[in-house]
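One structure is given below, encoded as structure tokens.
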Amino acid sequence: MKIEEVPQDQGMITDGRREVCYAVDDQGRYVLAGSAGWEPKNIANRQAWDRIDQTVAATLDRIRAGKASPLAYYMALNQMDVGLLAKYAGIGRLKVWLHLKPGPFGRLSPAVLKRYADVFDISADTLKSVPEDRGDGSRDR
Amino acid sequence: MTASAPEPIEIDFDHRQSAHCESGVCANLLRHHGIEISEAMAFGIGSGLFFAYLPFIRINGLPLTTYRCEVGGIIKRVTRRLGCRVHWQKFRDPDKAMHALDERLAQGIPVACRTGGYWLPYFPPAFRFHFNMHNLVVCGKAEYQYIISDPVFPDKERCSRRDLSRARFAKGALAPKGSMYFLEAVPDTIDLAAAARQGIREVCRRMLNTPVPLIGIRGIRYLARQVEKWPRKLGEERTVLYIGQLIRMQEELGTGGAGFRFMFAAFLQEAADLLDLPRFLELSRSMTLAGDQWRKFAVIGGRICKGRASADDHHAAMAALLQTIAADEAAVYRELLQLIKE
């Protein structure tokens, strides 16, 4: 890759910073050059986020249908699965799985609720509800 | 916040932005201890270049492809080959881990930590995924914030105690478990040339002579055959996901571009002077061409993902590119092995 080929396609980096990459100058020597991003990379990144967004949306539907507890929403929002959430909360997988159901979730003690809430950096009250409409929430924790 | 009085500490640490976190941390740390070394040199000596396609390991339900060596491998090998002593520590208890970090900082030692990227507040939102292979150097403390030299960012960053503690104790695959490390002792004289030879030898052997068909050149060829089969085997929708994941692994994880081929080419260029082997310059050029092919591969993949594929952008074209890459890279490694034998 030559210096003039270093891509400057805005996308993933939104704050004007640059990442560096290696490129060759006129004399064929390698130098470090700043890049604002690259389109194929942006596409792949976008794809990954779309998948997360789809999971979150599907989870919200299941919660509204009374098939899942709000915990499932925050789990999906934080890109976690049962195993990962269990590890972060320090609660057994089976229990976490159970708490994803509306019934058992409603009977949780404040202490356990707080434990989950701390994982997601939210209050225990917030954990009990899900937002009406979800924007691009998953991208700014 | 515990009783430890927030005494500001700022270690005079020369932060230089790098393309990849581990080689960057490695070079920055060595430079702090008086060993002048570039990121590319650290990457080469540490035998960072690699390839493996491991479909049985799933990341987000999709197969893992890696273009670099195992986590921590670069640091391990560079310090061993240069004769430095590294102090590694792992922890169970986050409080103890942060306390140990504070103690070292108070002694004026910059400490490198392995972290998960998800919890670092200065990461741009689009990069926030659960991956636990990020390296950074903590080089100071102001009030309740830590000063962090994160090699992939242009400037030093700040991070609260809570966030850093969480990042160090990120869970999931390859959990860092609070790992931290710092240089304890560096030798007075180092033999960069010998270390570079060792680095090259290991990379070439690993890429050429592997008993496992999923690793090295054989791995690239295997992936080529798989890419061609994907549309029939997985259907259109999943194929697109698989390809997207491939591109992310190549370009996003660890950055450096083109699956680290450019960084290795930069290393070869430096090594040409170091070992007085002008032929290396040619090989560096070949490696650059291989890197350009990798990028072309990502471009076609990107178009397929976006549904903008033209007539020439199909999976067969991607597979053919991979086969060319495999042949070109193999030729470079073979000649490198020959050249460093003398």
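Chains as they are written, first to last, in our numbering: chain A, 42 to 182; chain B, 75 to 416. Think of the CB as a built atom: it goes at the ideal place given N, C-alpha and C, for glycine as much as any other residue. Note that the structure is predicted; figures quoted are calculated from it, not measured.
In whole angstroms, give me the CA-to-CA distance for residue i and residue j.
i: A216(B); j: V65(A); result: 39 Å
i: F205(B); j: L168(A); result: 25 Å
i: P417(B); j: I414(B); result: No answer is possible for residue 417(B): it lies beyond the span of chain B, which begins at 75 and ends at 416.
i: P305(B); j: L138(B); result: 18 Å
i: G108(B); j: F117(B); result: 18 Å
i: G190(B); j: P285(B); result: 32 Å
i: Q272(B); j: K43(A); result: 29 Å
i: L342(B); j: E46(A); result: 21 Å
i: Y63(A); j: P48(A); result: 12 Å
i: R377(B); j: L349(B); result: 42 Å
i: M75(B); j: Q91(B); result: Unreliable placement is indicated for M75(B), whose pLDDT of 48 sits below 50; no coordinate value is reported for it.
i: M281(B); j: T398(B); result: 15 Å
i: S76(A); j: L135(A); result: 45 Å
i: S112(B); j: E276(B); result: 19 Å
i: C278(B); j: I289(B); result: 12 Å
i: F334(B); j: K142(A); result: 45 Å
i: E326(B); j: M207(B); result: 13 Å
Using three-state DSSP, classify residue i as helix, strand or coil.
i: R182(A); result: For R182(A), the pLDDT reaches just 38, beneath the cut-off of 50, and the residue's location in the model is therefore unreliable, leaving the point undetermined.
i: C158(B); result: coil
i: S164(A); result: coil
i: A391(B); result: helix
i: F256(B); result: strand
i: G333(B); result: helix
i: E84(B); result: strand
i: L103(B); result: helix
i: I54(A); result: coil
i: Q68(A); result: coil
i: G76(A); result: Checking the sequence shown, residue 76(A) turns out to be Ser, not Gly. It is a strand residue.
i: Q88(A); result: helix
i: K307(B); result: helix
i: Q91(B); result: coil
i: Q412(B); result: helix
Tell me which residue opens and which closes the beta strand (DSSP E) that residue i is part of.
i: V211(B); result: 208-216
i: F130(B); result: 123-133
i: V286(B); result: V286(B) -> no beta strand (DSSP E), and no H or E assigned at all.
i: S360(B); result: Here S360(B) belongs to no beta strand (DSSP E); instead the alpha helix (DSSP H) covers 353-380.
i: V185(B); result: 185-189
Name the one or two DSSP bridge partners that residue i has.
i: Y220(B); result: K215(B), C233(B)
i: K150(B); result: Paired residues: none, contrary to the question.
i: K43(A); result: V65(A)
Considering just the uninterrupted stretch of the alpha helix (DSSP H) at residue i, what are its terminal residues?
i: R142(B); result: R142(B) -> not in any alpha helix (DSSP H); beta strand (DSSP E) instead, spanning 136-142.
i: E192(A); result: Residue 192(A) is absent from the model: chain A starts at 42 and stops at 182.
i: Y114(A); result: 111-118
i: V137(A); result: 134-140
i: H173(B); result: 168-180
i: G246(B); result: Per DSSP, G246(B) belongs to no alpha helix (DSSP H) and is neither H nor E.
i: V123(A); result: 123-130
i: E113(B); result: 113-119
i: G147(A); result: 143-147
How many whole angstroms separate the CB atoms of residue i and residue j, which I take to be in contact at a CB cut-off of 8 Å?
i: D88(B); j: R105(B); result: 6 Å
i: C379(B); j: V314(B); result: 5 Å
i: Q219(B); j: R232(B); result: 4 Å
i: A171(B); j: R299(B); result: With 8 Å as the limit, A171(B) and R299(B) do not qualify as a contact, their Cβ atoms being about 45 Å apart.
i: L248(B); j: V145(B); result: 6 Å
Give a yes or no on whether 8 Å exceeds the smallest Cβ distance from residue i to chain C.
i: M116(A); result: In summary, chain C is missing from the structure at hand, where the protein chains are A and B.
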